[in-house]
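Counting in this note's numbering, the sequence shown runs from 778 upward without gaps.
For glycine and all other residues, C-beta sits at the position ideal for the given N, C-alpha and C.
No experiment lies behind these values; they were computed from the predicted model shown.
Take a look at the structure below.
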Amino acid sequence: MHLINLRTFIIVSRTGGFHSAAERLNVTQAAISARIKALEDHLGQRLLERGRSGATLTGAGHQLLPHAESIVRKWSHATNMLGVPTSRTVELRIGAQFSIWAQFILDWAAWIAGALPEIELELSFDFNTDMLKAVQDGKLDIAITPATTSEQGVHIISLAGEKMVLVAQRPVRLKDENMPVYVRLDWGPQINGQIARVEPRLPESKLSIGNGMLGLRYILAHDACGYVPLRAAAQLLQQKQLYRVKRAPGFKTTGHIVYSEDNSNHLFVERAIEGFLGT
């Protein structure tokens, strides 16, 4: 059984189709089909169901996927340790909550593209994903998360955090009689808890928006105010499309870069982290 077939199977499962996998691996769809067929023939199991909407994992495919990822990671780790030359593209998967860390991640991605061209990035933004667990389970190479752990083998690098500020569409002071409507935005349990301590001083909220960045757009279009990350609002504040509410308290979130030392690409992970934080 060839590792290239396992890698191809992993890519097809991630992209959801043979065409997408072919584009990503820069080969023909026929080559993708041949590799998957060879793997299925070797195992005597059908791993993927082909359909008009793409390829989906069968029961056997679901069972194989974590083992395939583990085999590929361990082999890559072994070749890295032995210094075996390789021309392969290194894939790094970085995950974070989009609303808070979007600009940070995008700046990082731009830096990696320029400084580490051998790395192919996959960015994951999912509000409901436990990013720390995703790193521990090998589903992500790097995560930015408020969570931390003392578990051995997991590296934690603390970030300065994002400052949360109360912004409005027009200039206003906290407790003014004509305060804009307060919109409660969902930034996750940690930040929501900090905002809750301030809310008794804010106008009563009759609107909650589950997506923070959508909430920012709402504030821009209506006479409203809400707490947003300063980094996300910085340009709008500079252009005077938004205003910080005077006398309103601000506070910082906590954030950590998390990665596992068992990652087969840990050398590239560390280069990406150290290089960007050092710029």
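Review point. Which ranges would you report for the alpha helix (DSSP H) in the region 982-1011 if only whole runs of at least 4 residues count?
Key: 989-998
**Study point:** For Met-908, three-class secondary structure by DSSP
**Key:** helix
Practice item. Report the rounded CA-to-CA distance for Gly-989 versus Ala-887, giving the unit in angstroms. Key: 23 angstroms
Review point. Any idea if Arg-767 is buried or exposed, counting beta-carbon neighbours within 10 angstroms, 16 or more meaning buried?
Key: The displayed coordinates of the chain run from 778 to 1056. Any statement about residue 767 would go beyond what the structure contains.
Review point. How close, in whole Å, do the beta carbons of Ala-1061 and Ile-921 come, if the pair is a contact with beta carbons under 8 angstroms?
Key: Residue numbering for the chain in the displayed model covers 778 to 1056; residue 1061 lies beyond these limits and cannot be assessed.
Check your understanding: If you run the structure through DSSP and keep just helix, strand and coil, what is Leu-936?
Key -> strand
Review point. Helix, strand or coil for Arg-829 per DSSP?
Key: coil
Review point. Is DSSP giving Thr-792 helix, strand or coil here?
Key: helix
Review point. If we ignore side chains and look at the alpha-carbon of each, how far apart do Ala-808 and Ala-799 end up?
Key: 8 angstroms
Point to revise | Ala-815 versus Asn-782 - alpha carbon distance | key: 7 angstroms
Exercise for review: Please state whether DSSP places Lys-814 in a helix, a strand or coil.
Suggested key: helix
Check your understanding: Taking Ala-945 as the reference, which of Leu-936, Glu-939, Met-956, Ala-937 has the closest Cα?
Key -> Met-956
**Study point:** Collapsed DSSP secondary structure at Ser-797 in the structure displayed
**Key:** helix
**Study point:** contact_flag[the region 921-935, the region 989-1004] where n(CB pairs < 8 angstroms) is 3 or more
**Key:** no
Exercise for review: Provide the residue span of the beta strand (DSSP E) that contains Arg-961, from first to last.
Suggested key: 958-962
**Study point:** Leu-943 versus Arg-974 - alpha carbon distance
**Key:** 13 angstroms
**Study point:** Burial state of Pro-1006, where buried means 16 or more other Cβ atoms lie within 10 Å
**Key:** buried
Practice item. Please say whether Leu-984 and Val-960 have beta carbons closer to each other than 7 angstroms? Key: yes
Practice item. Give me whichever residues DSSP pairs with Ala-945 in a beta bridge. Key: Cys-1002, Tyr-1020
Check your understanding: Under the rule that 16 or more other beta-carbon atoms within 10 Å means buried, what is Ala-832, buried or exposed?
Key -> buried
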